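For the sequence shown, position 177 (counting from the first letter as 1) is numbered 179 according to this note's numbering, and the numbering increases by one without interruption.
Just so you know, even glycine gets a beta-carbon here, dropped at the ideal spot from N, CA and C.
All figures in this text were calculated on a predicted structure; none of them were measured in a lab.
The structure under discussion appears below in the form of structure tokens.
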Amino acid sequence: MMYKNAINQWPDMNAIAGLTGMQGLRSCLFVVLSCLFFFVNACKQDAEATLSAGPVAEFDPQESTFICWTPQFQEISLKLIQEIARDDHVTLFYNQRNHRPENLQNLLEERKINVKNVSLAAFELEKDNIWIRDYGPILMQDEAGREEMVTFHYPHEENLEYNLFSEQYATKMRIPFMRSRLYSAGGGREINGRGTIILIEGHEKYINPDRSLEEIENEYKEKLNQKNVIWLKRGIPQDDLFDHGPVIDNIYGNGVHWHVDEFCRFADAHTILLAQVDPADLPLDPFYQVVHDRLEESYKILKNARDQDGKPFKIIRVPQAPIIFDQGQYNGQPIYYTPVTSYLNFILTNNLVVIPAYYTPGDPDLIRQKDEQAKKAFQEVFKSRKVVTIHATELNYNGGGLHCITMHQPKIKKRSRLRLIMDNAHKRLKG
Numbered sequence: 003m004m005y006k007n008a009i010n011q012w013p014d015m016n017a018i019a020g021l022t023g024m025q026g027l028r029s030c031l032f033v034v035l036s037c038l039f040f041f042v043n044a045c046k047q048d049a050e051a052t053l054s055a056g057p058v059a060e061f062d063p064q065e066s067t068f069i070c071w072t073p074q075f076q077e078i079s080l081k082l083i084q085e086i087a088r089d090d091h092v093t094l095f096y097n098q099r100n101h102r103p104e105n106l107q108n109l110l111e112e113r114k115i116n117v118k119n120v121s122l123a124a125f126e127l128e129k130d131n132i133w134i135r136d137y138g139p140i141l142m143q144d145e146a147g148r149e150e151m152v153t154f155h156y157p158h159e160e161n162l163e164y165n166l167f168s169e170q171y172a173t174k175m176r177i178p179f180m181r182s183r184l185y186s187a188g189g190g191r192e193i194n195g196r197g198t199i200i201l202i203e204g205h206e207k208y209i210n211p212d213r214s215l216e217e218i219e220n221e222y223k224e225k226l227n228q229k230n231v232i233w234l235k236r237g238i239p240q241d242d243l244f245d246h247g248p249v250i251d252n253i254y255g256n257g258v259h260w261h262v263d264e265f266c267r268f269a270d271a272h273t274i275l276l277a278q279v280d281p282a283d284l285p286l287d288p289f290y291q292v293v294h295d296r297l298e299e300s301y302k303i304l305k306n307a308r309d310q311d312g313k314p315f316k317i318i319r320v321p322q323a324p325i326i327f328d329q330g331q332y333n334g335q336p337i338y339y340t341p342v343t344s345y346l347n348f349i350l351t352n353n354l355v356v357i358p359a360y361y362t363p364g365d366p367d368l369i370r371q372k373d374e375q376a377k378k379a380f381q382e383v384f385k386s387r388k389v390v391t392i393h394a395t396e397l398n399y400n401g402g403g404l405h406c407i408t409m410h411q412p413k414i415k416k417r418s419r420l421r422l423i424m425d426n427a428h429k430r431l432k433g
């Protein structure tokens, strides 16, 4: 699917204006009715009870990987695009208020990126925002395989305008959508694509303080058509909110308050990857014990959990990434804080697994060993995919990781009825 060609395929109003008599009247009427069909479908989100199928898992076949251009993270974005575009497709969104497509095209070509596998897609908002995982479109498929979409409220006070991103996408791509009033971020949800979703109690209650867990669970079940919800208690302490105070002693977290994709992910519909602290690391600092305790709390819950069919999961433990302690200040006092380092914040494409790396020459050999252990663990799990690594520390210092700056587009089986109607209208006008 080539968005650079498809994204602006609205009916040509100049062509309509050039038609005369009954032909013009019929064409105008056809377009008006088609557009009316769109808005009726788009606005009935609260009238429909459920979508008939649900979101597609990341390990299932994909059409493209979505990335949103932000100059602040130019280098890491280009490295990621370069790796993925060797064999898989990338859709690079750019804010046309701030960037020009020809400049991005030149930059991609200068880096010798396979531009045949990269499509540029425009949107228009005020600020740039790289964290597309959290605000990006939740693309669904109904039981016939047709495209559908759900939007939640984006829980980021400084970027509330990005609540409009998915609606702009749905409008341009002619995908009917339903809107939920629940606050939700993509990094806070993990689904197996068969009816099971993993959520974290502390995170969901923090962003939805006026809703009970039962209300939150029911909304996810209804809007995403999930049959089974697994509730974990807490995320890793590196992902604690900074202003919630120290985790232990004088060490603060530097995250977004417990996104599940930092420590727990589905490898397939029946297999869960969960981070694990190496026992040899526990004597290094008491903070490691806090990480260990929280991960083992989640392990106990997952070990006793069942999938949507009542079957237990296979749980595979993956090394906890090296923990970085950095110096800072808070209220004029010196403190330490921990960027959200994680191997579980990885990306899946059709042919790749992209995992974070942390070792650079001159670092302790312990870090190099952990990178190698993680790469080996992922290769054993994802035997049909190639495992590649990209340094993600820059993102970790900003509260996220590689997975947070991408969104997967499921393989398209059938276009939505709305898109077919609008495409037919466009063809009729051109004919």
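Here Ser66 is bridged, per DSSP, to Gln411. Within the segment 202-261, the runs of beta strand (DSSP E) at least 3 residues long that lie entirely inside it are, in chain order, 230-234 and 253-255. The secondary-structure analysis by DSSP pairs His155 across a beta bridge with Tyr185. Leu162 sits exposed, since fewer than 16 C-beta atoms from the chains shown fall within 10 Å of its C-beta.
Taking all protein chains shown into account, Ile250 has fewer than 16 neighbouring C-beta atoms within 10 Å of its C-beta and is therefore exposed. Tyr338 is bridged by DSSP to Ile253 and Gln329. Given a length threshold of 3 residues, each whole run of the beta strand (DSSP E) inside the segment 110-175 is given here in chain order: 120-125, 140-143 and 149-155. For Ala379, the enclosing alpha helix (DSSP H) stretches over residues Asp367 to Val383. Assignment of Val292 by DSSP, reduced to helix, strand and coil, places it in the helix class. Only residues of its own chain outside the window of five on either side were considered, and among them His155 have a CB closer than 7 Å to the CB of Arg183, listed in chain order. Cβ-Cβ separation between Tyr137 and Phe167: approximately 5 Å, consistent with a contact (criterion under 8 Å). Beta-bridge pairing by DSSP links Arg319 to Leu276. Of the candidates Glu112, Ile132 and Leu141, Leu141 places its Cα closest to the Cα of Gln411. In this structure, the alpha-carbon of Tyr338 lies about 19 Å from that of Gln322. Closest option to Arg308, judged by alpha-carbon separation, among Glu219, Gln64 and Ala271: Ala271.
DSSP places Ile392 in the uninterrupted beta strand (DSSP E) bounded by Lys388 to His393. DSSP lists Met151 as the bridge partner or partners of Phe179. Sorting Pro103, Asn131 and Arg135 by C-alpha distance to the C-alpha of Val120 places Pro103 at the top. As the crow flies, the alpha-carbon of Leu304 is around 46 Å from that of Glu111.
Annotated three-state conformation of Asp283 is helix, per DSSP.
The C-beta separation of Glu396 from Ser344 comes to about 14 Å, leaving the pair out of contact by the 8 Å criterion. Listed in chain order, the non-local C-beta contacts of Ala269 below 8 Å within the same chain comprise Phe61, Leu275, Ile318, Val383 and Phe384, local neighbours out to five positions each way being set aside.
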